[in-house]
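Enquirer: Heads up, the sequence shown stops at 670 in the working numbering, and the numbers go up one at a time, no gaps.
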Amino acid sequence: MVIPAAATRSSGGPVVVITGASSGIGRATAVAFARQRCRLVLAARREAALQETARLVERLGSETHVVVADVSRPEDIERLVSETRNRWHRIDVWINNAGTTLFGRLEDGDFAAHRQVLDTNLLGPMYAARLVMPVLKRQGRGIVINVGSVLSQVGQAFVPAYAISKFGLRGLSEALRSDVADYPDIHICTVLAYAVSTPHFEEGANAMGRRPYAMPPVQTPEKVAAAIVDLVRRPRRQRYVPRYIPGGLAAHWLLPRSMERLLLHALERFHMVGTQAPTDGGLFAPLPGTGATHGTRTPRVGRLAFAAWAVADLMAIALGAAWQGRNAPHHVQHAEGR
């Protein structure tokens, strides 16, 4: 890793703070760093779930400190930073991972629910950076990792507040990088992941009345956790998980309207499956239980079947657009992306 050279001046390994450590990517990341003998500060709202993560980590021989904290509350972030520094006197890696969502169009549900998504996913990391960056500057080194999403670069129907928050999180990374341009040993990294099999989909708030699942091809939280650990070894501005995401993004940039229609059709067919009663999920208050790393399996769709459907649907969209263009009045101009 990049950090241990500095951390060897203290009695143990590097100090890694993980928000949202009670389940999903956060729990998988805690386990991955424990295998590197890091000292871990685990933060989330659910104490029982945090203690379960701590047990998994301690079995691997890492020291842990649990902080029950809601990142949408500035006073909780202040306490998290304070307890970390009081316990180990430094912060080597800070991971903004805590996140939530509301499934529904922008006009669905109470606006307070959309606001809560932004408070958790964007304003929480923003306030954390406000407190953590001065610590890293005094140390002269450290890493901040913002766990974004492919939705940090491409919009998506049915989760508008989530997409807006992830776009903002990528903007936060860009702003912080500019601020530490004169600090060669301070790194700001963004993880951009595609759909991950975590409890995120079953625990999110839902104002649509339809049951959300991770859209195939789905990856494991352990794969994202491995990428996060790798960023500490070799810091980079952005890390896509999986690495082929830029190919899909390029298609979206070249043919935005066609890809947006394809995505909408895919979401309706593979992402929203069946019905579900409206719920606040874990948006405003933590859900009971000890948390889980993995979520409910997506209804089985083979990669080849999904790819075949995507190709067929894209061809139908292209043929429809071509027919519409040939039959449109001559004075009307159709342009991709307008």
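Each residue gets a CB set at the ideal place from its N, CA and C atoms; glycine is no exception.
Give me the Cα-Cα distance between Cys521 and Lys469, rounded to the nearest whole angstrom.
Expert: Counting from one through the sequence shown, the residue named residue 521 turns up at place 189. Counting from one through the sequence shown, the residue named residue 469 turns up at place 137. If I take the Cα positions, the gap works out to 16 Å.
Enquirer: Find out if the Cβ-Cβ distance for the pair Val398, Leu382 is shorter than 7 Å.
Expert: Residue 398 sits at position 66 when you count from the first residue of the sequence shown. Residue 382 sits at position 50 when you count from the first residue of the sequence shown. Yes; because the gap between Cβ atoms is below 7 Å, this pair is in contact.
Enquirer: Going by the CB atoms, is the gap between Trp426 and Val349 shorter than 7 Å?
Expert: On the sequence shown, residue 349 is found 17 positions in, with the first residue counted as 1. On the sequence shown, residue 426 is found 94 positions in, with the first residue counted as 1. Contact flag set, yes.
Enquirer: Report the rounded CA-to-CA distance for Pro549 versus Leu596, giving the unit in angstroms.
Expert: Stepping through the sequence shown from its first residue, residue 549 is reached at position 217. Stepping through the sequence shown from its first residue, residue 596 is reached at position 264. Distance between the alpha carbons of Pro549 and Leu596: 16 Å.
Enquirer: Taking the alpha carbon of Arg601 as the point to measure from, which residue in Tyr545, Ala609, Gly627 has its own alpha carbon closest?
Expert: Here residue 601 is taken as the residue at index 269 of the sequence shown, counted from 1. If we check each option's Cα against that of Arg601, Tyr545 comes out closest.
Enquirer: Just mark Glu395 as buried or exposed, buried being the case when its beta carbon has 16 or more other beta carbons within 10 Å.
Expert: The sequence position of residue 395 within the sequence shown is 63, counting from 1. Buried.
Enquirer: Provide the residue span of the alpha helix (DSSP H) that contains Thr351, from first to last.
Expert: As a first step, residue 351 must be located in the sequence shown, where it is residue number 19. Per DSSP, Thr351 belongs to no alpha helix (DSSP H); it is in the beta strand (DSSP E), 347-351.
Enquirer: Looking at Gln448 and Leu681, is the spacing between their C-beta atoms short of 7 Å?
Expert: Because the chain is modelled from 333 through 670, residue 681 falls outside the range shown and cannot be assessed.
Enquirer: Among Val528, Ser505, His626, Ala527, which residue has its Cα nearest to the Cα of His519?
Expert: Taking the sequence shown and counting its residues from 1, one reaches residue 519 at position 187. It is Ser505.
Enquirer: Between the alpha carbons of Asp440 and Gly358, how many angstroms are there, rounded?
Expert: The residue given as residue 440 occupies position 108 in the sequence shown. The residue given as residue 358 occupies position 26 in the sequence shown. Cα to Cα, the separation comes out at about 29 Å.
Enquirer: Return helix, strand or coil for His626, following the three-state DSSP convention.
Expert: For this step, residue 626 is matched to residue 294 along the sequence shown. If DSSP states are grouped into helix, strand and coil, His626 belongs with coil.
Enquirer: Please check the pair Gly352 and Ala430, which I expect to be a contact at CB under 8 Å, by giving their CB distance rounded to whole angstroms.
Expert: In the sequence shown, counting from the first residue as 1, residue 352 sits at position 20. In the sequence shown, counting from the first residue as 1, residue 430 sits at position 98. Contact flag correct, Cβ pair sits at about 3 Å.
Enquirer: Under DSSP, the alpha helix (DSSP H) around Leu595 begins and ends at which residues?
Expert: As a working mapping, residue 595 is identified with position 263 in the sequence shown. Here the alpha helix (DSSP H) through Leu595 covers 588-598.
Enquirer: Is there contact here, the segment 446-462 with the segment 399-418, by at least three beta-carbon pairs under 8 Å?
Expert: The segment 446-462 is in contact with the segment 399-418.
Enquirer: So Val556 packs on Val523, CB below 8 Å; how close in whole Å?
Expert: Taking the sequence shown and counting its residues from 1, one reaches residue 556 at position 224. Taking the sequence shown and counting its residues from 1, one reaches residue 523 at position 191. 7 Å between Cβ atoms; contact.
Enquirer: So the candidates are Pro466, Arg391, Val363, Ile577; which of them puts its Cα closest to the Cα of Ser414?
Expert: Residue 414 sits at position 82 when you count from the first residue of the sequence shown. Residue Pro466 is the option with its Cα nearest to Ser414.
Enquirer: Provide the residue span of the beta strand (DSSP E) that contains Asn478, from first to last.
Expert: Counting from 1 along the sequence shown, the entry for residue 478 is found at position 146. Residues 474-479.
Enquirer: DSSP on Phe435, reduced to helix/strand/coil?
Expert: On the sequence shown, residue 435 is found 103 positions in, with the first residue counted as 1. Of the three classes helix, strand and coil, the one that applies to Phe435 here is strand, per DSSP.
Enquirer: Look at the Cβ atom of Glu384, then the Cβ atom of Gly623, and state whether they are nearer than 7 Å.
Expert: Here residue 384 is taken as the residue at index 52 of the sequence shown, counted from 1. Here residue 623 is taken as the residue at index 291 of the sequence shown, counted from 1. In contact: Glu384 and Gly623 (Cβ atoms closer than 7 Å).
Enquirer: If you measure between the beta carbons of Arg584 and Gly356, is that distance less than 7 Å?
Expert: In the sequence shown, the residue the question calls residue 584 occupies position 252. In the sequence shown, the residue the question calls residue 356 occupies position 24. Looking at the sequence shown, residue 584 is not Arg but His. For His584 and Gly356, no; Cβs fall outside 7 Å.
Enquirer: Based on Cα-Cα distance, which residue from Phe443, Ala445, Gln570 lies nearest to Ser484?
Expert: In the sequence shown, residue 484 corresponds to position 152, counting from 1. Out of Phe443, Ala445, Gln570, Gln570 has the C-alpha closest to the C-alpha of Ser484.
Enquirer: Please identify the residue among Pro346, Leu434, Glu554 whose C-alpha is closest to the C-alpha of Leu450.
Expert: The sequence position of residue 450 within the sequence shown is 118, counting from 1. Per the Cα distances, Leu434.
Enquirer: If the criterion is Cβ atoms closer than 7 Å, does the pair Val400 and Glu379 meet it?
Expert: For this step, residue 400 is matched to residue 68 along the sequence shown. For this step, residue 379 is matched to residue 47 along the sequence shown. Yes, the pair counts as a contact, with Cβ atoms nearer than the cut-off.
Enquirer: Check whether the Cβ atoms of Pro492 and Leu438 sit closer than 7 Å, and answer yes or no.
Expert: Taking the first residue of the sequence shown as 1, we reach residue 492 at position 160. Taking the first residue of the sequence shown as 1, we reach residue 438 at position 106. It is a contact, given that the beta carbons lie within the stated cut-off.
Enquirer: Figure out for me which residue from Val403, Asn428, His626 has the closest Cα to the Cα of Leu501.
Expert: For the purposes of this step, residue 501 is taken as the residue at position 169 of the sequence shown. Nearest C-alpha to Leu501: Asn428.
Enquirer: With DSSP as the reference, identify every bridge partner of Cys521, one or two as the case may be.
Expert: In the sequence shown, the residue the question calls residue 521 occupies position 189. Beta-bridge pairing links Cys521 to Ile477.
Enquirer: On the three-state DSSP scale, how would you describe Leu372?
Expert: Counting from one through the sequence shown, the residue named residue 372 turns up at place 40. Strand.
Enquirer: Looking at the strands, I want to know which residues DSSP matches up with Tyr572.
Expert: What you label residue 572 is simply residue 240 of the sequence shown in a count that begins at 1. DSSP, once it has assigned bridges, lists Leu524 as partnering Tyr572.
Enquirer: May I ask which residues mark the beginning and end of the alpha helix (DSSP H) holding Glu406?
Expert: On the sequence shown, position 74 is the one that residue 406 refers to. The question names Glu, yet the displayed sequence has Pro at residue 406. Looking at the DSSP string, the run of the alpha helix (DSSP H) that includes Pro406 is 406-420.
Enquirer: Output the boundary residues of the alpha helix (DSSP H) element that contains Thr361.
Expert: Position 29 of the sequence shown, counting from 1, holds the residue named residue 361. Taken as a continuous stretch (DSSP letters only), the alpha helix (DSSP H) holding Thr361 covers 356-366.
Enquirer: Using only the alpha-carbon positions, how far apart do Thr361 and Ala376 sit?
Expert: Taking the first residue of the sequence shown as 1, we reach residue 361 at position 29. Taking the first residue of the sequence shown as 1, we reach residue 376 at position 44. In a straight line, the C-alpha of Thr361 is about 14 Å away from that of Ala376.
Enquirer: Apart from the five residues on each side of it in sequence, which residues of its chain come closer than 8 Å, Cβ to Cβ, to Leu455?
Expert: The residue labelled residue 455 in the question sits at position 123 within the sequence shown. Excluding sequence neighbours, Leu455 sits near Ser404.
Enquirer: Measuring only the C-alpha atoms, how far is Val573 from Thr628?
Expert: One-based indexing of the sequence shown puts residue 573 at position 241. One-based indexing of the sequence shown puts residue 628 at position 296. Using only the alpha carbons, I get a separation of about 20 Å.
Enquirer: Can you check whether the CB of Val476 is closer than 7 Å to the CB of Thr416?
Expert: Within the sequence shown, residue 416 is the residue found at index 84, counting from 1. Within the sequence shown, residue 476 is the residue found at index 144, counting from 1. Result no, Cβ atoms of Thr416 and Val476 do not sit closer than 7 Å.
Enquirer: Once you ignore the five residues that flank Leu463 on each side, which residues in its own chain have a CB closer than 8 Å to its CB?
Expert: For the purposes of this step, residue 463 is taken as residue 131 along the sequence shown, with counting starting at 1. So the list reads Ile409, Glu410, Val413, once near-sequence residues are dropped.
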